[in-house]
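Numbering-wise, the UniProt record's numbering puts 61 at position 61 of the sequence shown, and it's gapless, one number per residue.
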Amino acid sequence: MGKILVFGASGQLGSCIKKVAEDKPDFDLYFPAENEANILDVKGLEILFKTHQPQYAINCAAYTAVDKAEEDTDTARKVNKTGAANLAVLCNEHNTTLIHISTDFVFAGNLPLPLIESDEAKPISIYGLTKLEGEEDITAHLKQHYILRTSWLYSEYGNNFVKTMLRFGAERDSLNIIADQVGTPTYAIDLANCILHIIANDKQQYGIYHYSNEGVTSWYDFAIAIFDISGTQVNVGPIRTSQYPTPATRPTFSVMDKAKIKSTFNIEIPYWRHSLEECIKRLKAQ
Numbered sequence: 001m002g003k004i005l006v007f008g009a010s011g012q013l014g015s016c017i018k019k020v021a022e023d024k025p026d027f028d029l030y031f032p033a034e035n036e037a038n039i040l041d042v043k044g045l046e047i048l049f050k051t052h053q054p055q056y057a058i059n060c061a062a063y064t065a066v067d068k069a070e071e072d073t074d075t076a077r078k079v080n081k082t083g084a085a086n087l088a089v090l091c092n093e094h095n096t097t098l099i100h101i102s103t104d105f106v107f108a109g110n111l112p113l114p115l116i117e118s119d120e121a122k123p124i125s126i127y128g129l130t131k132l133e134g135e136e137d138i139t140a141h142l143k144q145h146y147i148l149r150t151s152w153l154y155s156e157y158g159n160n161f162v163k164t165m166l167r168f169g170a171e172r173d174s175l176n177i178i179a180d181q182v183g184t185p186t187y188a189i190d191l192a193n194c195i196l197h198i199i200a201n202d203k204q205q206y207g208i209y210h211y212s213n214e215g216v217t218s219w220y221d222f223a224i225a226i227f228d229i230s231g232t233q234v235n236v237g238p239i240r241t242s243q244y245p246t247p248a249t250r251p252t253f254s255v256m257d258k259a260k261i262k263s264t265f266n267i268e269i270p271y272w273r274h275s276l277e278e279c280i281k282r283l284k285a286q
C-alpha cells in the first residue's frame, strides 16, 4: 500500500486516525505538521505531494466553528472550499485518491426522514454552505474521491460535546440541553476505522457517502446518556432551540442513512450508545 497523507493531523479526527493506525502496521501514514501541510499554501502542498507521492490523501482539515463562521465567512470559505479545491487539484495531478470529511450540515434537516446521499443539499448556515462548496469543488476537479459526510463527532481528543458535558457535569448542579434537534452522535475512532477500511478495501466506487454511528437521539438524550454512563450526578432539563438562540441555524433532523457505505464496503457500524460507552471508558482511563 502506498503513502497516505493526513491533513488536519492534529485535530480530533486526525488524532483518532493516528490512534487506530497504531494497530495497523500495513498502513504507511504520514501526519505532517500544520506548517508543512497548510491546505491554503499551494506551493507548500506541491512540495509535500512531490516528496511523498501519496496514493491517498485524507482531508480532516476544516473550519468547524459553526457560530463564528456566520461572521468570519471569508476564513470559513477559504478553509472549507478553497482548501478542499487545492487538495483536489493536486490529487488529480498526482493520481492520488482523496478522502474528504464533510457534514450533515449541508442539509436543511427539515424533514423527519433519514437522509440519503442524493437528497438535495440545502444548507442553512455559512458553515454548511462552505462545506457544500468544498464538496462541489472536489467533484469538479477530481474523479478519485470519497466524500464522507458525518455528524456530531466526538472522541477523547480535542473539544467536543462529550468532553464539554463531562466538564459541565462536574462543575454544575443543573443543565438545560436542546431537545428538539435530532441526529446521530459519531465516535471519531469509529470514523477513523471506517476510513482505513475504505482504503484497505478500495473498490474505486467514488462519490459521496454517509457515515455516523447507528441510531437516533437528541442532544438532550445524548447528554443524559453521557451522565448515565459516566456516573455523573446532574439535573438535566430539556429546552427548545428557540430558548437557546445561536448565530447559526442548525438542522432540526439530520439523521443520515448509511445503507450505501455499508453495502459498498461491507462495513458494520456500531450503535451510538455502545461507542459512547467505549469513549467514556477510555476518558476515565486517562
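Quick reminder that beta carbons are idealized off the backbone N, C-alpha and C, glycines included.
Remember, predicted model here, so these are calculated numbers, not experimental data.
Check, Outcome
"Cβ-based neighbour list, I199, same chain, cut-off 6 Å, excluding 5 preceding and 5 following", "Y56"
"Status (buried if at least 16 other CB within 10 Å, exposed otherwise) for M165", "buried"
"Close-in-space but distant-in-sequence residues of the same chain around A108 (CB under 6 Å, 5 per side omitted)", "K122 and I124"
"Closest residue to L111 among Y187, H210 and T252 (Cα-Cα distance)", "T252"
"First and last residue of the uninterrupted beta strand (DSSP E) at residue 303", "Residue 303 cannot be examined here, being either before or after the span of the chain that is shown, 1 to 286."
"Near the ligand NAD: R149 beta-carbon under 7 Å from a heavy atom", "This structure simply doesn't include the ligand NAD, nor any ligand for that matter."
"CB of A225 within 8 Å of CB of L191, strictly", "no"
"Inter-stretch contact (C-beta, 8 Å, three-pair minimum) for the segment 170–177 and the segment 16–32", "no"
"Minimum Cβ-Cβ distance from G215 to chain D less than 8 Å", "Protein chains in the displayed structure number just one, and chain D is not present."
"Every unbroken beta strand (DSSP E) within the segment 224–275, with a cutoff of 3 residues, ordered by chain", "235–239"
"At least three beta-carbon pairs within less than 8 Å, the segment 145–159 to the segment 81–101", "yes"
"Backbone CA spacing between V89 and I178 [nearest angstrom]", "40 Å"
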